[in-house]
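Visitor: Can you read through this structure? Questions will come right after.
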Amino acid sequence: TGYFTTNELINVFKELSTRPEIYHLLVRYSRNQDFLSTEDLTLFLEAEQGMSKITREKCTEIIQEFEPSTEAKLLGHLGID
Numbered sequence: 001t002g003y004f005t006t007n008e009l010i011n012v013f014k015e016l017s018t019r020p021e022i023y024h025l026l027v028r029y030s031r032n033q034d035f036l037s038t039e040d041l042t043l044f045l046e047a048e049q050g051m052s053k054i055t056r057e058k059c060t061e062i063i064q065e066f067e068p069s070t071e072a073k074l075l076g077h078l079g080i081d
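In UniProt numbering, the protein residues as written are 1 to 81.
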């Protein structure tokens with residue numbers, strides 16, 4: 001039909017947007033889980049992005065703004081898949 005199904009579009013997007021080197025770096029900070037906790041995100045931003053003044057409160061705000069899953073937001077998780 002010339003159109004992607006929703007699942008096909010999601011899969012294509014993930015393939016195009018997930019760079020292996022970034023994914024592996026995030027997995028290292030997530031302690032081999034499929035999400036970053038607020039603490040994990042704080043450590044990642046401090047160490048890899050040089051954000052020495054980042055706070056856990058700001059990381060919570062980032063998760064609330066950018067995590068698409070309501071359940072993950074409630075748990076304070078930022079998915080990395």
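Note that beta-carbon positions come from the ideal geometry of N, C-alpha and C, so glycine has one too.
What do you get for ILE63, buried or exposed, if any count of 16 or more other CB atoms within 10 angstroms of its CB means buried?
Guide: Position 63 of the sequence shown holds residue 63. Flag for ILE63 reads buried.
Visitor: Going straight from the alpha carbon of TYR3 to that of ARG28, what length do you get?
Guide: For the purposes of this step, residue 3 is identified with residue 3 of the sequence shown, where counting begins at 1. For the purposes of this step, residue 28 is identified with residue 28 of the sequence shown, where counting begins at 1. Approximately 36 angstroms between the Cα atoms of the pair.
Visitor: For the beta strand (DSSP E) that contains SER69, what are its first and last residues?
Guide: Position 69 of the sequence shown, counted from the start, is the residue given in the question as residue 69. Counting along the chain, SER69 falls outside any beta strand (DSSP E), and DSSP gives it neither H nor E.
Visitor: In the DSSP assignment, find the alpha helix (DSSP H) that holds THR38 and state where it starts and stops.
Guide: Mapped onto the sequence shown, residue 38 falls at position 38. Here the alpha helix (DSSP H) through THR38 covers 38 to 49.
Visitor: On the criterion of 16 or more Cβ atoms from any shown chain inside 10 Å, does HIS77 qualify as buried, or is it exposed?
Guide: By one-based count along the sequence shown, residue 77 stands at place 77. Buried: at least 16 other Cβ atoms inside 10 Å.
Visitor: For LEU78, write down the residues that DSSP places opposite it in a beta bridge.
Guide: Within the sequence shown, residue 78 is the residue found at index 78, counting from 1. Answer is LEU36, bridged to LEU78.
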